[in-house]
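Written below as structure tokens is the structure these notes are about.
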Amino acid sequence: TRTKLGAKLLEKGKKVHLTSSAGTDLLFDIEGRNAIAQYGASDVPGRWDHWPAGITGVAPIEDKTKGVLVLNTGDIILKLYRYILEPVKFYFENGKIVEIEGSSLDAILIREWFASWNDDKAYIPSHIGWGTEHRAVWSTLSNPGPGGIMDAESFYGGILFGIGANFFQGLGGKNVTAAHIDLCMRSCNFYVDDKLVVENNKIVINELK
Numbered sequence: 005t006r007t008k009l010g011a012k013l014l015e016k017g018k019k020v021h022l023t024s025s026a027g028t029d030l031l032f033d034i035e036g037r038n039a040i041a042q043y044g045a046s047d048v049p050g051r052w053d054h055w056p057a058g059i060t061g062v063a064p065i066e067d068k069t070k071g072v073l074v075l076n077t078g079d080i081i082l083k084l085y086r087y088i089l090e091p092v093k094f095y096f097e098n099g100k101i102v103e104i105e106g107s108s109l110d111a112i113l114i115r116e117w118f119a120s121w122n123d124d125k126a127y128i129p130s131h132i133g134w135g136t137e138h139r140a141v142w143s144t145l146s147n148p149g150p151g152g153i154m155d156a157e158s159f160y161g162g163i164l165f166g167i168g169a170n171f172f173q174g175l176g177g178k179n180v181t182a183a184h185i186d187l188c189m190r191s192c193n194f195y196v197d198d199k200l201v202v203e204n205n206k207i208v209i210n211e212l213k
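In structure tokens, the structure reads:
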């Protein structure tokens, strides 16, 4: 229920503001966009979902995102299956990453991943939202063997930020590219139209808890 209600809040919203004590200060325009609620069940005909999952998200308007995103120590960058060891900064202008700052191995690998697509659309935000699954464990990705992706994406009060393709079912975005990568972050603040929704890994609106 909280996942569906979160999606409804996003669909009614016009702006998302993401901040963190690490230095993230990022603005998204979401007006008129569909939101998704993934809760791990295809319970109506034609519905697509992951199991296990607890995610709400929305595709921002492609040319509007601006500001800075800081991947902090302990955050996760999927595709590379890495926990960030040193902070990496992403600068956004006019809906696109214009610079990835950092000299660490994390930053080098991230820049190489984006460059490998040779596609400007790889740098455009795909979706932004938060996790709703209280049973998800952040450390699962570090364990030997398969698993951990959905724990990272669904982590309760964590932030899931996708970059790249967003034209797939449910999101209704317009960015068509083969590239897609997900960043999973903790200790962020998530606002919808200046209303605080997530604060430092806690969902603060009662009906969404």
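Position one of the sequence shown corresponds to residue 5 (my numbering), numbered consecutively onward.
Backbone N, C-alpha and C fix where the C-beta goes; we use that ideal spot for every residue, glycine too.
Sequence-distant residues of its chain with Cβ nearer than 6 Å to residue 67 (five each side left out): 98, 99.
Where residue 134 sits in the DSSP three-state scheme: If DSSP states are grouped into helix, strand and coil, residue 134 belongs with the strands.
DSSP-derived helix/strand/coil call for residue 191: When secondary structure is reduced to three states using DSSP, residue 191 falls in the coil class, being assigned neither helix nor strand.
Buried or exposed by the 16-neighbour rule on C-beta atoms within 10 Å, applied to residue 173: Residue 173 is exposed by the Cβ-count criterion.
Limits of the unbroken beta strand (DSSP E) element including residue 24: Residues 19-24.
Rounded C-alpha distance that separates residue 55 from residue 85: Straight-line Cα distance between these residues: approximately 19 Å.
Check whether residue 168 and residue 185 have beta carbons under 7 Å apart: Cβ distance < 7 Å, so residue 168 and residue 185 count as in contact.
Close Cβ partners of residue 138 (< 6 Å) along its chain, the five nearest in sequence each way excluded: Its chain contains 160 as the residues whose beta carbon lies nearer than 6 Å to that of residue 138, once the 5 sequence neighbours on both sides are disregarded; these appear in chain order.
Given residue 27 as reference, the closest of 15, 46, 47, 93 once Cα atoms are compared: With distances taken between Cα atoms, residue 27 lies closest to 93.
Residue 128 versus 81, 43, 83, 181, residue with shortest Cα-Cα distance: Nearest of 81, 43, 83, 181 to residue 128, Cα basis: 181.
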